[in-house]
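Undergrad:
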Amino acid sequence: MVGKVGCTSIKGKPKPNQGRWRKLLHNDYDPFVPRQWHIGHGRQLEIGPKALIMGILNVTPDSFSDGGRFDGTETAVAQAIAMVEAGADIIDVGGESTKPGAEAVDAATEQARIMPVINNLAQRGDVVISVDTYRAHTARMAVEAGAHIVNDVWGLQKEPEIADVVAATRSGVVIMHTGRERQRNRDVIADQIAFLSQSLEFANAARIAHSSIVLDPGFGFAKDNDENLELLARFDALHSLGYPLLTGTSRKRFIGHVTGRDAQNRDIGTAATSVVARMKGSAIFRVHDVTANKDALAIADAVISAGRTSGAGN
415 MVGKVGCTSI KGKPKPNQGR WRKLLHNDYD PFVPRQWHIG HGRQLEIGPK
465 ALIMGILNVT PDSFSDGGRF DGTETAVAQA IAMVEAGADI IDVGGESTKP
515 GAEAVDAATE QARIMPVINN LAQRGDVVIS VDTYRAHTAR MAVEAGAHIV
565 NDVWGLQKEP EIADVVAATR SGVVIMHTGR ERQRNRDVIA DQIAFLSQSL
615 EFANAARIAH SSIVLDPGFG FAKDNDENLE LLARFDALHS LGYPLLTGTS
665 RKRFIGHVTG RDAQNRDIGT AATSVVARMK GSAIFRVHDV TANKDALAIA
715 DAVISAGRTS GAGN
């Protein structure tokens with residue numbers, strides 16, 4: 415499906431219309447108001463008043479903190495079920511590592527890793543499944559097998575056809591900022607808004623429903639330690655884009671830079687960043703350790719609720 419919204423065809427590369435996206439910025443967006451996130455297969459999730467947790471399931475041999483632990487179907491499914499039982503609202507299944515320097519895999523390898531897991535989880539009927547891929551064909555296979563959400567680390571810009579898949583299947587989509595390369599003296603928020611606005615042009619051209627879209631600022635992707643911390647400090651500025659936000663800081667290098675911990679020992683630091691992001695309005699949290707983050711976010715939600723109730727009464 416092709417449409418024009420101030421850009422070229424979805425099959426080409428949309429030309430950023432900065433005047434247009436500046437007009438679309440929402441200065442009154444309230445991230446804590448209840449909203450329905452429309453995802454695939456007729457399902458929806460409420461976001462806003464309560465933080466949602468997306469459990470990470472890397473079916474890979476080389477992911478940076480858990481590579482090789484869940485690269486068999488049986489162990490992967492068991493881990494997914496354990497995360498759901500611990501309180502995960504979504505399970506994000508990925509078959510290609512995105513760590514710096516990771517070896518790229520072809521589509522067939524990615525699909526061979528993730529499809530048995532997705533098929534198994536879909537048969538249960540009680541698991542909301544996200545597929546972590548930038549490939550249009552992989553996304554279609556996963557959604558047809560039962561996945562509800564497409565999580566694209568390239569923000570629909572690596573394979574633009576993936577936007578057509580999301581629109582045609584009415585799936586939920588997470589559009590992530592990945593950045594091309596680190597730039598000296600850039601404004602982190604301005605860079606986010608420019609990139610994500612271009613991704614939204616792809617989404618609009620494909621006629622993806624606004625209520626299906628969540629944005630991810632991409633902590634750790636083409637950002638140094640200081641930029642990641644600045645992004646967290648200024649996180650609430652991203653509400654001007656007018657979409658719910660996902661935070662993916664789990665075990666990232668900048669947490670280790672601050673705490674001195676290796677990847678496997680960054681869950682407390684991760685929970686701290688989750689609380690900061692939640693207080694600044696993040697809706698969804700992509701994490702390895704579901705229990706630690708669920709507890710931390712429950713406290714954040716209680717504080718937010720108390721503050722809003724108190725404010726409403728004044």
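All residue numbers for the sequence shown refer to this note's numbering, where the first residue is 415 and numbers rise by one.
In this text, a Cβ means the ideal position worked out from N, Cα and C, and glycines have one as well.
Is it right to say glutamate 524 is buried, meaning 16 or more other beta carbons lie within 10 angstroms of its own, or is it exposed?
TA: As a position in the sequence shown, residue 524 is number 110, starting the count at 1. By the neighbour-count rule (16 or more Cβ atoms within 10 Å), glutamate 524 is buried.
Undergrad: Using the three-state DSSP reduction, which class does threonine 512 fall into: helix, strand or coil?
TA: For the purposes of this step, residue 512 is taken as residue 98 along the sequence shown, with counting starting at 1. In this structure, threonine 512 counts as coil in the three-state DSSP scheme.
Undergrad: Whole angstroms are fine: how far does the CA of glycine 586 sit from the CA of valine 542?
TA: Stepping through the sequence shown from its first residue, residue 542 is reached at position 128. Stepping through the sequence shown from its first residue, residue 586 is reached at position 172. Approximately 11 Å between the Cα atoms of the pair.
Undergrad: Please state whether DSSP places glycine 481 in a helix, a strand or coil.
TA: Within the sequence shown, the letter at position 67 stands for residue 481. Summary for glycine 481: the model assigns pLDDT 47, below 50, so the residue's position carries little reliability; its value from the coordinates is reported in the next sentence. Coil.
Undergrad: Can you tell which of Leu711, Ala697, Asp715 has the C-alpha that lies nearest to the C-alpha of proline 445?
TA: The count along the sequence shown starts at 1 and reaches residue 445 at position 31. Among Leu711, Ala697, Asp715, the Cα nearest to that of proline 445 belongs to Ala697.
Undergrad: Terminal residues of the continuous beta strand (DSSP E) containing leucine 659?
TA: To locate residue 659, count along the sequence shown from 1; it is residue 245. From DSSP, leucine 659 is part of no beta strand (DSSP E); its letter is neither H nor E.
Undergrad: Helix, strand or coil: which one does DSSP assign to asparagine 472?
TA: Counted from its first residue, the sequence shown places residue 472 at position 58. In the structure shown, asparagine 472 sits in a strand (DSSP, three-state: E or B).
Undergrad: By Cβ distance below 6 Å, which residues in the same chain neighbour glycine 469 in space, the five residues on each side in sequence not counted?
TA: As a working note, residue 469 is residue 55 in the sequence shown. Cβ neighbours of glycine 469 beyond the five flanking positions: Met497, Ala502, Ile505, Val704.
Undergrad: Where does leucine 629 sit, in a helix, a strand or coil, going by DSSP?
TA: Looking up residue 629 in the sequence shown gives position 215. Three-state result, leucine 629: strand.
Undergrad: Ordered along the chain, which non-local residues of its own chain (more than five positions away) have a Cβ less than 7 Å from that of arginine 722?
TA: As a first step, residue 722 is located in the sequence shown; it is residue number 308 there, counting from the start. Excluding positions up to five away in sequence, the list reads Phe446.
Undergrad: Quick one: is valine 717 buried, meaning 16 or more other Cβ sit within 10 Å of its Cβ, or exposed?
TA: If you number the sequence shown from 1, residue 717 lands on position 303. The residue is exposed, with fewer than 16 neighbouring Cβ atoms inside 10 Å.
Undergrad: What separation, rounded to the nearest whole angstrom, lies between the Cα atoms of leucine 471 and glutamine 493?
TA: The residue you call residue 471 lines up with position 57 of the sequence shown. The residue you call residue 493 lines up with position 79 of the sequence shown. Whole-angstrom Cα-Cα distance: 8 Å.
Undergrad: Look up aspartate 676 in the DSSP assignment and give the residues it is bridged to.
TA: Position 262 of the sequence shown, counted from the first residue, corresponds to residue 676. None, per the DSSP bridge assignment.
Undergrad: So what does DSSP say about aspartate 709, is it helix, strand or coil?
TA: Locating residue 709 in the sequence shown gives position 295, where the first residue counts as 1. Three-state result, aspartate 709: helix.
Undergrad: Which residue wins for smallest C-alpha separation from serine 544, given the options Asn642, Pro631, Ile589?
TA: Indexing the sequence shown from 1 puts residue 544 at position 130. It is Ile589 whose Cα lies nearest to the Cα of serine 544.
Undergrad: Measure the alpha-carbon distance for tryptophan 737 versus threonine 592 and round it to whole angstroms.
TA: No answer is possible for residue 737: it lies beyond the span of the chain, which begins at 415 and ends at 728.
Undergrad: Can you look up glutamine 537 in the DSSP assignment and give me helix, strand or coil?
TA: Stepping through the sequence shown from its first residue, residue 537 is reached at position 123. Of the three classes helix, strand and coil, the one that applies to glutamine 537 here is helix, per DSSP.
Undergrad: Taking 9 Å as the cut-off, decide whether the C-beta atoms of valine 507 and isoleucine 528 are in contact.
TA: The sequence position of residue 507 within the sequence shown is 93, counting from 1. The sequence position of residue 528 within the sequence shown is 114, counting from 1. Result yes, Cβ atoms of valine 507 and isoleucine 528 sit closer than 9 Å.
Undergrad: I believe valine 628 touches leucine 660 by the beta-carbon criterion, under 8 Å. Please report the beta-carbon distance rounded to the nearest angstrom.
TA: Residue 628 sits at position 214 when you count from the first residue of the sequence shown. Residue 660 sits at position 246 when you count from the first residue of the sequence shown. Correct: roughly 5 Å between the Cβ atoms.
Undergrad: Cutting at 7 Å between CB atoms, please list the residues of its own chain near alanine 685, excluding the five before and the five after it.
TA: Counting from 1 along the sequence shown, the entry for residue 685 is found at position 271. Cβ within range, chain order: Ala706, Asn707, Ala710.
Undergrad: Terminal residues of the continuous alpha helix (DSSP H) containing arginine 554?
TA: Against the sequence shown, residue 554 aligns to sequence position 140. Here the alpha helix (DSSP H) through arginine 554 covers 550 to 559.
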